[in-house]
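Participant:
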Amino acid sequence: MSILQIIVCDKNYSIEDKVSNILDALFYIKKNKNHSLAFRSGCKSGVCGSCAIRINGIEKLACKTPIKENDTIAPLKNSKVVKDLIINLDIQETFLKKSKAFLEEKSTQVITQIDEKDIDIESNCILCNSCYSSCPVYEYDKKFQGPFALNRAFRYINDKKENNKKSKIDAIQDNGIWQCTLCGNCNMVCPSYINIKENIIKLRNLSAQFGYNDPNIQNFGGNFSTDFGFNPNNF
Ligand code: SF4
Ligand code: SF4
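Numbered per our numbering, the sequence shown spans residues 177 to 411.
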């Protein structure tokens with residue numbers, strides 16, 4: 177039997193058992209070494225997002241990550257740690273409300289399967305919070321709506337069931353899409369492989385069509401809507 181050494185929340189542990197992944201190792205430690213070790217888990221198959229942590233500095237799902245010698249395990253960054261590997265998840269609700277990432281005005285339009293496909297990938301978010309942990313903007317600005325909420329806003333703006341897209345476009349302007357540096361960190365850690373960065377770029381383009389400009393660049397006095405003949409009422 178091989179013995180592995182790993183570090184969990186700055187403490188060394190020997191794993192004297194055959195375990196296949198990091199989540200199994202955490203259960204082993206809790207049962208045999210440290211009964212008070214606190215961590216989240218749910219489906220144990222990469223679907224629920226509960227077990228997201230940082231492994232050797234990178235956000236990953238514990239249940240989907242094979243264990244290896246000297247792995248270092250820590251809680252997700254940029255959120256208050258409740259205990260050990262458990263973080264406070266309040267930011268999800270706070271920013272979902274701020275970005276109005278929910279159905280506001282239900283349309284009477286008939287929705288087809290093809291329409292549903294348009295928002296399929298974005299709907300696969302498993303609320304793991306890894307993207308907030310990896311985001312350098314959120315690290316320094318806790319008012320930034322961040323990748324999770326902006327991706328959700330994108331999902332509802334593209335949902336044909338939603339009648340009030342303008343309200344969501346308005347909601348993501350302040351501390352939202354223009355603050356993102358497009359670094360792509362969120363894409364790299366997202367276990368659902370959502371292209372959050374590209375969705376933020378699309379939200380910027382859409383916002384320009386609604387008359388919004390990037391506040392970070394000089395305003396030369398033009399207006400996208402009138403200059404290019406776009407009428408957001410037709411959207
Ligand atoms: S691309 Fe934007 S939202 Fe994603 S991690 Fe970078 S700054 Fe944050
Ligand atoms: S967008 Fe991806 S990384 Fe962010 S919470 Fe959803 S599944 Fe996790």
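Just so you know, even glycine gets a beta-carbon here, dropped at the ideal spot from N, CA and C. Here the structure is a predicted model, which is why all the values come from computation and not from measurement.
Counting along the chain, where does the alpha helix (DSSP H) carrying isoleucine 182 start and finish?
Facilitator: Premise fails: isoleucine 182 lies in the beta strand (DSSP E), 180-184, not in any alpha helix (DSSP H).
Participant: Looking only at C-alpha atoms, which of Ile179, Asn305, Ile353 and Gln321 sits nearest to cysteine 366?
Facilitator: Residue Asn305 is the option with its Cα nearest to cysteine 366.
Participant: In three-state DSSP terms, what is isoleucine 234?
Facilitator: It is a strand residue.
Participant: Examine ligand 2 and report whether any of its heavy atoms sits within less than 7 Å of the Cβ of serine 217.
Facilitator: No, ligand 2 has no heavy atom inside 7 Å of this Cβ.
Participant: Please check the pair serine 368 and cysteine 311, which I expect to be a contact at CB under 8 Å, by giving their CB distance rounded to whole angstroms.
Facilitator: Not confirmed; about 16 Å, so no contact.
Participant: For a quick check, are the C-beta atoms of cysteine 307 and isoleucine 372 less than 8 Å apart?
Facilitator: Yes, the pair counts as a contact, with Cβ atoms nearer than the cut-off.
Participant: Are the CB atoms of glutamine 181 and asparagine 232 within a distance shorter than 8 Å?
Facilitator: No.
Participant: Would you report the Cα separation of asparagine 389 and aspartate 291, rounded to the nearest angstrom?
Facilitator: Roughly 29 Å between the two C-alpha positions.
Participant: Looking at C-alpha atoms only, which residue of Thr248, Gly225 and Leu237 is the closest neighbour of aspartate 186?
Facilitator: Checking every option, the nearest Cα to that of aspartate 186 belongs to Thr248.
Participant: Quick one, are the C-beta atoms of serine 226 and serine 212 less than 8 Å apart?
Facilitator: No, the pair does not count as a contact, with Cβ atoms beyond the cut-off.
Participant: How many angstroms separate the CA atom of asparagine 197 from the CA atom of asparagine 188?
Facilitator: Approximately 17 Å between the Cα atoms of the pair.
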